[in-house]
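Q: All residue numbers for the sequence shown refer to the working numbering, where the first residue is 2 and numbers rise by one.
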Amino acid sequence: MNNFRFQNAPCRHCSRIKGGGKVKTIGRGSARGGISILHAAGLGKGCSVGLDLITEVQIVDSEIVVEYDKHGILDSVEKCWREENLPIPSRLGWLVESSIPIGQGLKSSSALACAALRALNNCSWAGLNNSKIADLASKSQKISGCSITGSLDDAFASLEPGWKLVDPEMSASESVILEGEMNPNLSVIILLRGNRKESISKSILSTQIPMFERSLASIMAGSPLDSISSNGLAVAAATNDHEALRISNMCIASGAMACGVSGSGPAIALVCYEEESETLLSTISNFGFEAISTRFSSVDGISGEAF
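(1) State buried or exposed for Ala292, treating a residue as buried only when at least 16 other CB atoms are found within 10 Å of its CB.
(2) Would you say the region 123–136 touches the region 95–107, given that touching needs at least three Cβ pairs under 8 angstroms?
(3) Quick one, which of Ala254, Pro90, Gly195 has its alpha-carbon nearest Thr284's?
(4) Could you give the DSSP three-state label for Ser216: helix, strand or coil?
(5) Tell me whether the region 172–191 and the region 64–81 touch, counting them as touching only if at least three CB pairs, one residue from each stretch, are closer than 8 angstroms.
(6) For the beta strand (DSSP E) containing Glu180, list its first residue and its last residue.
(7) Less than 8 angstroms between the CB atoms is what I'm expecting for Ser132 and Ala173, so what's the real figure, rounded?
(8) State yes or no: is the C-beta of Glu199 within less than 9 angstroms of the C-beta of Gly51?
(9) Alpha carbon to alpha carbon, how far is Pro169 from Glu180? Give it in angstroms, no decimals.
(10) Please list, in chain order, all residues of the same chain as Ile381 whose beta carbon is under 8 angstroms from its beta carbon, the five residues on each side excluded.
(11) Going by C-alpha to C-alpha distance, which of Gln59, Leu39, Gly43 sits closest to Ile27?
(12) Would you mind sorting Glu85 into buried or exposed? The rule is 16 or more other CB atoms within 10 Å of its CB.
(13) Using the Cβ count rule (16 or more neighbours within 10 Å means buried), how would you classify Glu277?
(14) Helix or strand or just coil, what does DSSP make of Ala270?
(15) What are the partner residues of Ala32, as DSSP defines its beta bridges?
(16) Provide the residue span of the alpha helix (DSSP H) that contains Arg296, from first to last.
(17) What is the DSSP secondary structure of Cys147, reduced to helix, strand or coil?
(18) What's the gap between the Cα of Asn287 and the Cα of Leu246?
(19) For a cutoff of 9 angstroms on Cβ pairs, would you count Gly146 as touching chain D?
(20) Please report the straight-line C-alpha distance between Asn130 and Ser110, rounded to a whole angstrom.
(21) Of all the alpha helix (DSSP H) runs that stay within the bounds of the region 108–145, which reach a length of 4 or more residues?
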């Protein structure tokens, strides 16, 4: 966790310049982390929502060693970009800063892919819209092997405020089944439980189809907070994560509006009114895990800057 910036903490770099020295920035892009509302591998429909946790990517004119990109997402992004025959600098490096914990179900991979694509879009003046960037981010994640479905719902959460229920088998522009907004005044507390120990497959999640169906029904009824809880319980039950079940039930009983495992875990997200946040932080402190306080993203516009 020492390589990422958290709320009210100084920014830390996730990249290292070979040989030191100065570099020139030729493109810039940003994107958000998020949490799951409905795991896309559960029923073949996915839904996520963005948080005010940011990944920033700069394209520079010198070679950069990017640390903590173990899936090779940036290489996959560059491959997908070139396959589209889009303009790209002849020499480039990536400079990455992020406040999103890696490998915990908080959409760090989608945020990195989307921020990198926005940086390429920025420096090349390619003019790609969010749907096209989401398509390329999804493709990049499939190539890198860090996503079961391509995480199209996560890409939208990284790029735009609010939530979208999507069909990941469709192109991004045609994938949206339903969409809505979250109250930006609500507090979101993320309980960090370390790195993911095992990968999750569709077959594992299939044991909890009725619970995922309940989560989907909540979204369709306009109750995404209920969906966060039932989806998180489904993931926890499917993976025999008894600790997550215990924590989620305790948080709901203590006043949380929603609580559950995000993505494939192991992070647990809980949503509450701001006045309840201190009480809930005190409750979960008994488990000995680090917690992050943040909010749902509400502003679209952390895309890129012209140079």
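Glycine included, every Cβ here is placed at the ideal spot set by N, Cα and C.
A: On the basis of the data shown:
(1) By the 10 Å Cβ count, Ala292 comes out buried.
(2) Segments in contact, no.
(3) When each option's Cα is compared against that of Thr284, the closest is Ala254.
(4) Ser216 falls in the helix class under three-state DSSP.
(5) Not touching, per the Cβ criterion.
(6) It spans 177–181 - the beta strand (DSSP E) in which Glu180 sits, taken as one unbroken run.
(7) Right, their Cβ atoms sit about 4 angstroms apart.
(8) For Glu199 and Gly51, no; Cβs fall outside 9 angstroms.
(9) The straight-line gap from Cα to Cα measures roughly 15 angstroms.
(10) This structure cannot settle anything about residue 381, because the visible part of the chain is limited to 2 through 308.
(11) Of the listed residues, the one whose Cα sits closest to Ile27 is Gln59.
(12) Burial call: exposed.
(13) A residue is called buried once 16 or more other Cβ atoms fall within 10 Å of its Cβ, and Glu277 is buried on that count.
(14) In this structure, Ala270 counts as strand in the three-state DSSP scheme.
(15) Residue pairing of Ala32 in beta bridges, as defined by DSSP: Thr56.
(16) Per DSSP, Arg296 belongs to no alpha helix (DSSP H); it is in the beta strand (DSSP E), 291–296.
(17) Cys147 falls in the coil class under three-state DSSP.
(18) Taking C-alpha positions only, Asn287 is separated from Leu246 by approximately 15 angstroms.
(19) In the structure shown, chain D cannot be found, because there is only a single protein chain.
(20) When the Cα atoms are used, Asn130 and Ser110 turn out to be separated by approximately 20 angstroms.
(21) Qualifying alpha helix (DSSP H) stretches, in chain order: 109–125, 131–145.
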